[in-house]
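Visitor:
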Amino acid sequence: MTGWASGSGRRIGTGWNQFRTVLGSTDGSLYGVRADGTIHYYRYVCTNYTTGAGYWSGSRQIGAGFQRFPRLFVFSASSITFAGALDSDPALSRIFRNVFTLALEKGPAVRRTRAPMRRTEPAPAQPEPTPLE
Numbered sequence: 000m001t002g003w004a005s006g007s008g009r010r011i012g013t014g015w016n017q018f019r020t021v022l023g024s025t026d027g028s029l030y031g032v033r034a035d036g037t038i039h040y041y042r043y044v045c046t047n048y049t050t051g052a053g054y055w056s057g058s059r060q061i062g063a064g065f066q067r068f069p070r071l072f073v074f075s076a077s078s079i080t081f082a083g084a085l086d087s088d089p090a091l092s093r094i095f096r097n098v099f100t101l102a103l104e105k106g107p108a109v110r111r112t113r114a115p116m117r118r119t120e121p122a123p124a125q126p127e128p129t130p131l132e
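Quick note: the sequence shown uses numbering that gives the first Met the number 0, first residue 0, plus one each step.
#1: Nearest CA to the CA of PRO63: which residue from ALA34, ILE11 and THR46?
#2: Anyone know if the C-beta pair for TYR48 and LEU29 falls short of 7 Å?
#3: Taking the alpha-carbon positions, what's the SER56 to PHE18 distance?
#4: Answer with buried or exposed for GLY23, where buried requires no fewer than 16 other C-beta atoms within 10 angstroms of its C-beta.
#5: Please determine, among ILE38, TYR54, THR37 and HIS39, the residue with the shortest C-alpha to C-alpha distance to CYS45.
#6: Please give the ranges of any beta strand (DSSP E) in the stretch 25-74, keeping only runs that are unbroken, at least 3 residues long and fully inside the region.
#7: I'd like to check one pair, ILE38 with ILE61: are the Cβ atoms closer than 7 Å?
#8: Based on DSSP bridge pairs, tell me the residues matched to GLY23.
#9: Who are the Cβ neighbours of ARG21 in its own chain at under 8 Å, not counting the five residues just before and after it?
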């Protein structure tokens, strides 16, 4: 048998307690969300799939303004990464298509597609979370 045994793991870092939420993506990326709403991107590059050995490719802040969302999630479909932000008010819940991926690739040229998950009445105007330049 090669690879990791079921239920085992390998420590790949410390200090994750600085984040209120840590999200993982299928491409080996991790997104840490701090209490102040900033999102930080990390990618672990595995060089040995048997032992899990590898290195961190670096980190950087890629977004801000997510402190008002108590629940966040990331999912991938057809090589597209989506980020979801769920507010206690369903009218404010959003899906941000590629907000993380595009922030990494295109910097200030990021375009967001947002779609209400459910809207029962007009949401009050609030600043949207934004990727950094």
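Ideal Cβ placement from N, Cα and C applies to all residues, glycine included.
Guide: By the coordinates alone:
#1: For the sequence presented, residue 63 should be read as Ala rather than Pro. Taking only the C-alpha atoms, the option nearest ALA63 is ALA34.
#2: no
#3: 19 Å
#4: exposed
#5: TYR54
#6: 28-32, 38-47 and 52-63
#7: yes
#8: LEU29
#9: A small fix is needed here, since residue 21 is Val in this sequence, not Arg. The answer, listed in chain order, is TRP15, LEU29, TYR30, GLY31 and VAL32.
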